[in-house]
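Asks: Residue 0 is where the sequence shown starts when you use the working numbering, and the numbers rise one by one after that.
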Amino acid sequence: MIAKYRTIPMEILIYEAITRRLPDHHPRKPEFLSKLNRWKAGYKGEKEVDYFLSLFPDDDLTIFQYLRLPHQNGHFQIDTLIISNWFIAIIESKNLAGTIEVDPELDQLLQNFDGSEKAYSNPILQAEIQRSHLAKWLLKHQLPLPPIEIFVTISNPQTIIKNPAHHKEVAHRICRAARIPFRISTLKLKHTTEKLTKKDVKKVTRLLLKHHEPFIPDPPSFHIPLDLITGVQCPHCQTFRMERIHGTWLCQKCGKTAREAHKTAVKDYFLLYSPILSNIHLRNFLHINSEDTATRILHSMNLLINGTTKNRTYSPPKDFFS
Numbered sequence: 000m001i002a003k004y005r006t007i008p009m010e011i012l013i014y015e016a017i018t019r020r021l022p023d024h025h026p027r028k029p030e031f032l033s034k035l036n037r038w039k040a041g042y043k044g045e046k047e048v049d050y051f052l053s054l055f056p057d058d059d060l061t062i063f064q065y066l067r068l069p070h071q072n073g074h075f076q077i078d079t080l081i082i083s084n085w086f087i088a089i090i091e092s093k094n095l096a097g098t099i100e101v102d103p104e105l106d107q108l109l110q111n112f113d114g115s116e117k118a119y120s121n122p123i124l125q126a127e128i129q130r131s132h133l134a135k136w137l138l139k140h141q142l143p144l145p146p147i148e149i150f151v152t153i154s155n156p157q158t159i160i161k162n163p164a165h166h167k168e169v170a171h172r173i174c175r176a177a178r179i180p181f182r183i184s185t186l187k188l189k190h191t192t193e194k195l196t197k198k199d200v201k202k203v204t205r206l207l208l209k210h211h212e213p214f215i216p217d218p219p220s221f222h223i224p225l226d227l228i229t230g231v232q233c234p235h236c237q238t239f240r241m242e243r244i245h246g247t248w249l250c251q252k253c254g255k256t257a258r259e260a261h262k263t264a265v266k267d268y269f270l271l272y273s274p275i276l277s278n279i280h281l282r283n284f285l286h287i288n289s290e291d292t293a294t295r296i297l298h299s300m301n302l303l304i305n306g307t308t309k310n311r312t313y314s315p316p317k318d319f320f321s
């Protein structure tokens with residue numbers, strides 16, 4: 000059973016909005032394109048795990064596709080969490096190309112790709128930290144603590160995984176994404192004592208969903224350039240030369256129209272500038288002059304309305320970016 004489905008990370012949406020509105024020859028465009036590609040690769044790796052688990056549906060398993068739970072003064076994130084009556088499994092997903100080698104003694108992952116070597120954090124250690132945080136979270140909420148197993152999946156089938164020192168921990172914890180259903184099946188043979196009743200599983204599921212806190216972007220933390228292109232982008236020729244004429248948007252370059260071209264622009268504003276939007280801010284961003292037109296656009300998008308008519312502001316509802 001899927002208790003929570005995966006959605007596109009907000010970071011991807013933000014970097015897409017930045018790269019969409021940066022001029023082609025902007026000096027920082029390659030930087031943001033690189034960040035966008037890294038986040039997309041990570042998301043693709045997580046979706047691969049979702050896919051392979053879906054090929055082996057199991058009514059005894061409750062699956063959470065991404066969780067973000069409060070911990071002390073911050074949060075901890077889990078790519079995939081599996082709950083059963085006998086154990087809990089945490090899956091950390093990686094999507095790296097080239098050749099990788101995990102060294103648990105030095106707590107690092109080395110990647111060789113296109114003739115260059117990069118060092119990353121040990122993903123097994125990352126999963127162990129998540130396990131520790133989750134165990135504390137369960138105890139804090141007076142929930143039973145079953146065995147918590149951890150795995151790291153490598154989604155790119157062309158990636159070469161090396162374990163020259165033959166570390167048993169590496170061989171056991173790291174596997175291809177396609178292997179993960181079989182690793183979960185092995186856990187069923189290993190853990191045969193029921194630690195969570197059906198009632199317990201339902202309670203844990205309910206509390207996890209209740210305490211999940213989606214990431215809310217803080218635009219300044221992304222160091223967004225100030226010289227982004229404003230306006231409405233034409234969905235046909237991709238230029239930002241659309242004008243609002245008689246209830247639709249007309250592209251001044253290709254001549255085509257699009258009635259709802261403003262929707263992406265409004266989302267871009269929330270992602271790049273602020274979770275609060277006023278009528279005048281919308282007019283300035285979309286390059287429209289009519290206050291009434293801006294009001295009609297804002298009301299058509301079913302946004303949350305705050306304040307009185309004079310000082311009214313709008314904000315995105317839950318799942319607005321899904």
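In this text, a Cβ means the ideal position worked out from N, Cα and C, and glycines have one as well. Values in this document were obtained by computation on a predicted structure and should not be read as measured data.
(1) Can you list the beta strand (DSSP E) stretches of 3 or more residues lying completely in the region 36–103, in chain order?
(2) Could you work out which residue in LEU227, PHE284, CYS233, SER314 is closest to HIS25 when comparing CA atoms only?
(3) Based on Cα-Cα distance, which residue from MET9, THR6, THR18, ILE1 lies nearest to LEU225?
(4) Can you tell me the Cβ-Cβ gap for ARG5 and LYS46, rounded? I've got them flagged as a contact below 8 Å.
(5) Skipping 5 residues on each side, what residues in its chain have a beta carbon closer than 8 Å to that of LYS252?
(6) With H, G and I counted as helix, E and B as strand and the rest as coil, what does DSSP make of THR256?
(7) In angstroms with no decimal places, state the Cα-to-Cα distance between THR247 and PRO22.
(8) Please report the residue range of the beta strand (DSSP E) in which LYS3 lies.
(9) List the residues that DSSP assigns as beta-bridge partners of ASN111.
(10) Looking at the structure shown, is SER299 part of a helix, part of a strand, or coil, going by DSSP?
(11) Find the nearest neighbour of PRO143 within the set ILE160, SER277, LEU186, VAL203, judged by alpha-carbon distance.
(12) Can you check DSSP and say which residues form a bridge with ASN305?
(13) Taking only three categories from DSSP, how would you classify GLU127?
(14) For ALA2, which of SER120, ILE11, HIS211 has the nearest alpha-carbon?
(15) If you follow the beta strand (DSSP E) that LYS161 is in, where does it begin and where does it stop?
(16) Can you say whether ARG311 is buried or exposed, counting buried as having 16 or more other CB atoms within 10 angstroms of its CB?
(17) In this structure, does DSSP put VAL231 in helix, strand or coil?
(18) Taking only beta-carbon positions, decide if ASN36 is within less than 7 Å of chain B.
(19) Express the C-alpha separation of THR256 and ASN301 in angstroms, rounding to a whole number.
Replies: According to the data block:
(1) 61–70, 73–82, 87–93, 98–102
(2) LEU227
(3) THR18
(4) 7 Å
(5) CYS233, CYS236, THR238, ARG240
(6) strand
(7) 25 Å
(8) 1–3
(9) THR98, GLU116
(10) helix
(11) VAL203
(12) THR312
(13) helix
(14) HIS211
(15) 159–161
(16) exposed
(17) coil
(18) Among the protein chains of the structure shown there is no chain B, as only one such chain exists.
(19) 23 Å
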